[in-house]
Every structure is written in structure tokens, then in C-alpha cells.
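Scroll down for the structure; my scribbles are underneath it.
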Amino acid sequence: MAKNRHSIKKIVKDNYRLTPVKEIAVRNELPLSEVREAYRKCRYAVLKETVQNIKHGKINFNYFQIMDRVFSLTEEYLDTKRIKEIDEQERLSKLNDFSAESGFSYSNVRGVYSHFNSRLSFDFQGNKLEEVLHYKPELGMKAFDLTKRYFNIKSQNKLNLR
């Protein structure tokens, strides 16, 4: 299923300048709604951080710096989210190959993988934005390795029982 991507012509139409959301959508070739949601999350995080800094006496209230930070954080968030999705798809295809080679059902292998993956990433104490920005691909690889070891041990136990 292809995502609805917008060309610069379609977005700009009668506008003479791009809004930050439209500019990010065009630069990254992403749907406007997805970028709008990411921009809203990032703006909320940056403004919350700014308010905390003002409360603690670290006054650095420059509107253009804040909006620049929101823009760069949104692009970083979308890039990291895209990388996370690609890594996850690669791991799922490897799991599919592993299940076909080993003779286990894909749903069982994927269930064990998701169990290990959720246990390894369970200690994260942030919101979804922070979770994506602090993405650690090594945890997914560790979950993949644990899944392979689990099914190798399971197959060895079946051979030993015969």
C-alpha cells in the first residue's frame, strides 16, 4: 500500500511560501497528515522543555531558535521513525526466513520475538517521541538472536526426547 505523497506543485498551489509542515512533507516525501502529527508532538516537547528552562532560571526565550529547534527535531523524529520501520521490516523478513528454514510456524516465531523485544525495551520511561528518538537497533538484534536461540534450544530438546 503506497502512502499518499505530495509533490511541491500540489502542496504549494496558490501559496507563495511553504509552512514548516509543508516544507518537511515536501523534503521528506511524506504525507501531510503524518508530518503535521509529528510536528505537533515535537512542538509540544520543545515548548515544554522551554517552559521548564524558564522556570529553572535558564531563560533563553528566542522564538526563532525555538521554532528552528522544532523544525530540526521533527525532521530527526521522522528520519529515525523511518529507520526504525525499515529495521523492523528487515528483522521480520529474517524471522520469516528463519521460520521457513527451521520448520516452525511464522506466527509462533514472531510471537516469541515480540515478547523478547518488548521485554528488552520495557525499561524505557519516556513518551513515544523520546522512544523513537532514542531508538537502539541493537536491542532489536538482541531480541532476534534470543528468538533464534530459543527455537534452537527447543528443537534440540525435541531431538533429545526421541
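Just so we're aligned: 1215 in the numbering used here is position 142 of the sequence shown, and the numbers increase by one with no gaps anywhere.
Think of the CB as a built atom: it goes at the ideal place given N, C-alpha and C, for glycine as much as any other residue.
- Under the three-pair Cβ rule at 8 Å, the segment 1111 to 1125 does not count as touching the segment 1160 to 1173.
- Classified as exposed, Thr1092 has fewer than 16 neighbouring CB atoms from the shown chains inside 10 Å of its CB.
- The beta carbons of Leu1103 and Leu1151 sit closer together than 8 Å.
- Taking the CA atoms as reference points, Ser1172 sits about 7 Å from Val1182.
- Here Tyr1112 is buried: its Cβ has 16 or more other Cβ atoms, across all protein chains shown, within 10 Å.
- Sixteen is the threshold: since fewer than 16 other Cβ atoms of the shown chains lie within 10 Å of the Cβ of Phe1137, the residue is exposed.
- Straight through space, the alpha carbons of Thr1147 and Met1140 are spaced by roughly 10 Å.
- DSSP places Leu1146 in the uninterrupted alpha helix (DSSP H) bounded by Tyr1136 to Ser1175.
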